[in-house]
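Residue numbers (UniProt numbering), protein chains in the order written: chain Z, 1 to 297; chain L, 1 to 420.
Backbone N, C-alpha and C fix where the C-beta goes; we use that ideal spot for every residue, glycine too.
Here is the structure we will look at, set down as structure tokens.
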């Protein structure tokens with residue numbers, strides 16, 4: 001396999017996805033969930049499809065800027081989202097209006113959540129901190145068990161996966177909310193896990209290496225582990241896809257980025273982490289031989 | 001064919017089968033009844049419906065004064081929540097100024113919030129029905145045992161504004177002749193319920209009032225607690241709420257369970273098709289894995305949430321990873337011409353490092369997630385951590401044991417049946 005030699009192709013594919021996500025994100029804005037901005041989200045089952053215009057007759061009394069979505073297979077559930085921070089009484093008022101209008105039973109399948117603005121900022125900060133801390137923890141562990149070049153290459157793959165998943169969030173306009181934090185951290189874990197298995201093989205093959213041909217070692221190691229990489233991705237994807245297909249809306253919002261993350265995690269362990277490791281090794285070797293033999297040129 | 005190994009293998013399969021049956025359907029043998037896991041696990045409110053509110057105290061107080069305030073608020077909440085008769089309410093302080101109230105299983109979530117969060121509850125009402133003091137004016141209330149008196153009394157400590165008003169009102173009521181006793185009563189009302197109706201005998205000038213009567217130590221202490229608890233000492237705002245009706249929760253649970261069933265079935269079939277006999281071993285190990293995870297979950301009395309179920313289903317896909325690593329190694333060793341027995345040993349040894357390193361890195365993410373997450377994210381992290389540890393255990397112990405047993409059974413020497 002000539003994975004390392006074609007690294008420009010792989011890097012370009014990734015860069016294209018990330019840039020597309022960035023451009024779309026800047027152009028259309030990110031769909032930030034109310035957990036991060038503060039605001040109110042209500043979901044009400046109406047048992048019939050009701051047009052957005054009709055729903056606006058009620059919601060416009062509160063916030064003309066509210067966004068209305070239809071959920072569920074029959075699209076009979078409406079989701080109202082607003083950045084206004086409604087308290088219990090206001091939510092109850094809105095719900096009662098729908099109840100009267102559409103003759104709903106008292107205890108309607110409904111969901112409501114509300115976040116004050118300060119909570120959103122806190123969740124955001126903690127999420128950032130969590131990502132940074134776990135990345136540092138992993139870097140430290142890999143450096144301890146392998147060596148720094150492996151750690152740096154693994155972290156590069158990890159940052160790549162996070163960027164890809166962010167791009168997917170932006171391209172598919174998935175709301176960025178607290179499950180987002182869990183999704184990102186799961187992907188961190190999965191990405192590293194996958195990369196480590198390839199690196200474990202590299203670590204083993206380096207010992208038997210004849211010349212310092214790091215590209216060859218990396219290519220061999222990838223081909224020796226590729227069946228495992230594919231099989232593990234398949235079994236993992238099967239379960240997440242089942243969740244996505246059958247799950248409720250909150251689960252689907254979470255499963256979709258995970259699907260992207262698992263694919264990206266598998267891709268990056270082969271096409272990003274290994275080439276980066278080879279690049280780091282070759283640069284390291286270049287420097288060292290330069291220092292050892294200053295007179296060769 | 002080795003008889004002994006075969007018997008052990010079959011026994012293990014039967015045991016695992018029986019354990020799974022018990023886990024999902026429950027078991028009754030004589031007097032011992034085991035409840036199915038579905039019933040014994042605590043369900044989060046996203047699965048059974050309910051309400052979750054985080055209140056924030058609007059105050060600049062810090063330190064001890066803030067602590068005192070917050071514990072008083074928690075006391076008030078507890079009292080109100082208890083009156084709803086819920087099974088597993090949760091009232092905890094979060095950070096400095098926040099209190100999280102989770103009420104799983106409430107029928108009408110919106111009403112429940114209203115009941116918990118309403119502000120004015122403790123009131124002192126004069127005989128004409130005017131509210132003269134509220135809980136905000138009460139600084140404290142204690143039981144005292146004055147010497148020479150048979151019954152304990154309840155003392156009240158009012159703030160300066162309360163003391164001023166109380167002096168004025170009691171001064172007025174004390175002048176009314178004792179024959180008109182009904183006009184001399186100050187009603188102490190908590191959440192629309194009269195908890196005490198003391199008669200005013202004297203003007204109380206300094207905000208230090210006492211209530212005496214036929215108190216027992218218990219009833220006095222009860223009244224003092226009610227008065228203290230009724231004094232919601234600070235304004236609270238809802239900073240975060242989630243309400244979910246029960247039927248929506250049931251839907252989420254049912255659809256997640258179906259997703260799990262389908263996902264797990266496909267993974268089992270995939271492993272069997274790809275790795276044949278090894279796949280069979282992996283399948284048994286996977287069932288053991290699921291039983292261990294659910295068992296630990298129940299033992300920890302952890303709360304199963306929607307993200308938790310998602311993590312469990314996800315982990316099933318990832319749990320076979322260690323098996324896949326081992327089987328791929330095994331295939332390589334077999335192709336290199338080793339015998340089954342020695343291929344299993346060296347395959348395991350060489351796979352071990354990769355399994356440990358890859359899982360520990362994931363574990364780091366799980367622990368960080370637990371440290372920084374709140375509520376449902378923590379549920380997800382707990383599931384992830386349990387999953388990683390259990391999958392390492394089943395791969396290294398259960399898979400290895402079964403695989404060796406399978407080889408010892410001597411049914412086949414055909415390496416193809418091990419995926420090679």
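Please report the distance separating the alpha-carbon of residue i from that of residue j.
| i | j | result |
| --- | --- | --- |
| residue 29 of chain L | residue 30 of chain Z | 58 angstroms |
| residue 100 of chain Z | residue 177 of chain L | 55 angstroms |
| residue 453 of chain L | residue 253 of chain Z | In the structure displayed, chain L extends from 1 to 420; residue 453 of chain L sits before or after that span and is not available. |
| residue 154 of chain L | residue 129 of chain L | 23 angstroms |
| residue 6 of chain L | residue 189 of chain Z | 39 angstroms |
| residue 50 of chain L | residue 42 of chain Z | 14 angstroms |
| residue 298 of chain Z | residue 214 of chain Z | Absent from the structure is residue 298 of chain Z, since the part of chain Z shown begins at 1 and ends at 297. |
| residue 416 of chain L | residue 220 of chain Z | 24 angstroms |
| residue 56 of chain L | residue 64 of chain Z | 28 angstroms |
| residue 179 of chain Z | residue 97 of chain Z | 30 angstroms |
| residue 113 of chain Z | residue 202 of chain Z | 48 angstroms |
| residue 102 of chain L | residue 155 of chain Z | 38 angstroms |
| residue 302 of chain L | residue 132 of chain L | 47 angstroms |
| residue 193 of chain L | residue 139 of chain L | 21 angstroms |
| residue 14 of chain Z | residue 285 of chain Z | 27 angstroms |
| residue 117 of chain Z | residue 39 of chain Z | 7 angstroms |
| residue 170 of chain L | residue 152 of chain L | 22 angstroms |
| residue 314 of chain L | residue 299 of chain L | 21 angstroms |
| residue 297 of chain Z | residue 138 of chain Z | Legend: pLDDT at residue 297 of chain Z = 45, less than 50; position of this residue unreliable, value from coordinates given subsequently. Straight-line Cα distance between these residues: approximately 40 angstroms. |
| residue 246 of chain L | residue 252 of chain L | 10 angstroms |
| residue 183 of chain Z | residue 198 of chain Z | 23 angstroms |
| residue 129 of chain Z | residue 368 of chain L | 9 angstroms |
| residue 96 of chain L | residue 345 of chain L | 55 angstroms |
Near residue i, what residues of its chain come up, given a Cβ to Cβ distance below 6 angstroms and the 5 sequence neighbours on each side ignored?
| i | result |
| --- | --- |
| residue 480 of chain L | Chain L is shown from 1 up to 420; residue 480 of chain L falls before or after that span and cannot be answered. |
| residue 18 of chain Z | 163, 167 |
| residue 383 of chain L | 308, 311, 312 |
| residue 120 of chain L | Residue placement at residue 120 of chain L is flagged as unreliable, the pLDDT there being 46, under the threshold of 50; the coordinate-derived value follows with that caveat. For residue 120 of chain L, where only same-chain residues beyond five positions count, the Cβ hits under 6 angstroms are 134. |
| residue 224 of chain L | 141, 142, 143, 154 |
| residue 54 of chain L | 98, 100, 239, 240 |
| residue 37 of chain Z | 83, 120 |
| residue 32 of chain Z | 176 |
| residue 187 of chain L | 125, 194, 197 |
If you drop the 5 nearest sequence neighbours on each side, which residues of the same chain put their C-beta closer than 7 angstroms to that of residue i?
| i | result |
| --- | --- |
| residue 54 of chain Z | none |
| residue 266 of chain Z | 194, 229, 233 |
| residue 24 of chain Z | 170, 171 |
| residue 93 of chain L | 70, 74, 99 |
| residue 48 of chain L | 104, 105, 246, 249 |
| residue 408 of chain L | 2, 5 |
| residue 91 of chain L | 74, 77, 78, 81, 99, 101 |
| residue 146 of chain L | 153 |
Between residue i and residue j, how many whole angstroms is the CB-CB distance? I'm expecting something under 8 angstroms.
| i | j | result |
| --- | --- | --- |
| residue 141 of chain L | residue 228 of chain L | 5 angstroms |
| residue 343 of chain L | residue 333 of chain L | 4 angstroms |
| residue 305 of chain L | residue 44 of chain L | 3 angstroms |
| residue 354 of chain L | residue 196 of chain Z | 7 angstroms |
| residue 189 of chain L | residue 125 of chain L | 6 angstroms |
| residue 259 of chain Z | residue 244 of chain Z | 7 angstroms |
| residue 388 of chain L | residue 366 of chain L | 6 angstroms |
| residue 317 of chain L | residue 149 of chain Z | Not quite, the Cβ-Cβ distance comes to about 30 angstroms (not below 8 angstroms), so this is no contact. |
Excluding the 5 residues flanking residue i on each side, which residues of the same chain have their C-beta closer than 8 angstroms to its C-beta?
| i | result |
| --- | --- |
| residue 284 of chain L | 12, 13, 16, 398, 402 |
| residue 276 of chain Z | 152, 153, 156, 157 |
| residue 445 of chain L | In the structure displayed, chain L extends from 1 to 420; residue 445 of chain L sits before or after that span and is not available. |
| residue 58 of chain L | 234, 235, 236, 237 |
| residue 84 of chain L | 103, 106, 112, 115 |
| residue 25 of chain L | 36 |
| residue 85 of chain Z | 38, 39, 40, 114, 115, 116, 117 |
Give a yes or no on whether the minimum CB-CB distance between residue i and chain C is below 8 angstroms.
| i | result |
| --- | --- |
| residue 251 of chain L | The chain labelled as chain C is not found among the protein chains of the depicted structure, namely Z and L. |
Item to complete: Identify every run of the beta strand (DSSP E) within the segment 221-284 of chain L, keeping only runs that are complete inside it and at least 3 residues long; order them along the chain.
Response: 236-244
Discussion item. Suppose only complete runs of 3+ residues qualify. What are the beta strand (DSSP E) ranges in the UniProt domain "Protein translocase subunit SecDF P1" (70-127) of chain L, listed by chain order?
Written reply: 90-94, 98-104, 122-125
Fill in: Whole alpha helix (DSSP H) elements within the segment 172-258 of chain Z, 4-residue minimum
178-207, 214-246
Practice prompt. Ignoring anything shorter than 3 residues or poking outside the UniProt domain "SecDF P1 head subdomain" (129-234) of chain L, list the beta strand (DSSP E) runs there in chain order.
Written response: 131-134, 138-144, 153-158, 187-190, 193-196, 208-211
Item to complete: Would you be able to state if there are at least three C-beta pairs under 8 angstroms between the segment 69-89 of chain Z and the segment 46-61 of chain Z?
Response: yes
Fill in: Complete beta strand (DSSP E) runs within the segment 33-121 of chain Z (minimum length 3 residues, chain order)
39-45, 67-71, 77-82, 110-115
Fill in: Stretch pair the segment 285-292 of chain L + the segment 263-277 of chain L: three plus CB contacts closer than 8 angstroms
yes
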